[in-house]
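In full-length UniProt numbering, the protein residues as written are 1 to 282.
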Ligand SMILES: [Zn+2]
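Okay, here's the thing in structure tokens:
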């Protein structure tokens, strides 16, 4: 049976635009979605990322959270007939504030899957306050609870299989321990790439202030090198048929270029699923 990916809408955030794309629209506020992804049709339901804890916690980064009742993770799962306890694995692309804020809503026999390097970074203080205390404390509790947390060492193992059709791979961008989740769908390989790309249009389709051929613009994030970030984006374009970002609409890749976008309202409710949907040319 082919795997399907459902996009979950965890609400929006407002932030300063150049945080997203380096040097772009400095000083202007931009509103972006925060998505999660539910992988169904496999041996177990898998959830990728859990959004931010609540609106108040986004203030610690000077950002505004816009999470409403329907965006609550329980309500987003219920749209697909699931409860938190039905989820077998939660994979985190990384552990930033807007990606791992709801793990304590899930029972300890839902296994949270994290690249160990990311956990190390989250407690190192280097990126404070992007890794907030309640989220990370909960993960430490999971470390001490049998079966509640699973570490991978993706830099050393290479790509590994989570369940048939779903593999995990070190992203080598955004944070030191970020990982990509690859899903084999009926229409090809879809990659949930977290925050390796923030903005498909401004970074890749019309890359801001780039003059060279096929040169993506980097994000405003500064955890790694610009070279590594560009290489990570090029690798995604070279190896996936669909790219699913957490803060932008999914994109379709043909011949290593962005060929279409998923038609869904941003911001607003998201009910679309892959691969059944309408793709619009860029
Ligand atoms: Zn994010």
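Ideal Cβ placement from N, Cα and C applies to all residues, glycine included.
Residue range of the unbroken alpha helix (DSSP H) whose run includes residue i
i: residue 232; result: 226-239
i: residue 154; result: 154-157
i: residue 20; result: Unbroken run through residue 20: none, as it is neither H nor E.
Per DSSP, cross-strand counterpart(s) of residue i
i: residue 91; result: 48, 113
i: residue 188; result: 185
i: residue 66; result: 12
i: residue 106; result: According to DSSP, which records beta bridges pairwise, residue 106 is partnered with nothing at all.
i: residue 162; result: BP columns for residue 162 are empty, so no partner.
i: residue 257; result: 254
Opening and closing residue of the beta strand (DSSP E) in which residue i lies
i: residue 138; result: Element bounds for residue 138: not the beta strand (DSSP E) but the alpha helix (DSSP H), 133-143.
i: residue 180; result: 179-185
i: residue 33; result: 29-40
i: residue 2; result: Note, residue 2: premise wrong, no beta strand (DSSP E); not H, not E.
i: residue 196; result: No beta strand (DSSP E) contains residue 196, which DSSP labels as neither H nor E.
i: residue 167; result: 166-170
Local conformation of residue i per DSSP, three classes
i: residue 123; result: helix
i: residue 59; result: helix
i: residue 279; result: strand
i: residue 218; result: coil
i: residue 263; result: coil
i: residue 77; result: helix
i: residue 97; result: coil
i: residue 176; result: coil
i: residue 85; result: helix
i: residue 249; result: coil
i: residue 206; result: coil
* What is the chain-ordered set of residues for which the beta carbon lies under 5 Å from any non-hydrogen atom of ligand 1? -> Any residue whose Cβ sits closer than 5 Å to a heavy atom of ligand 1 makes the list: 98, 195.
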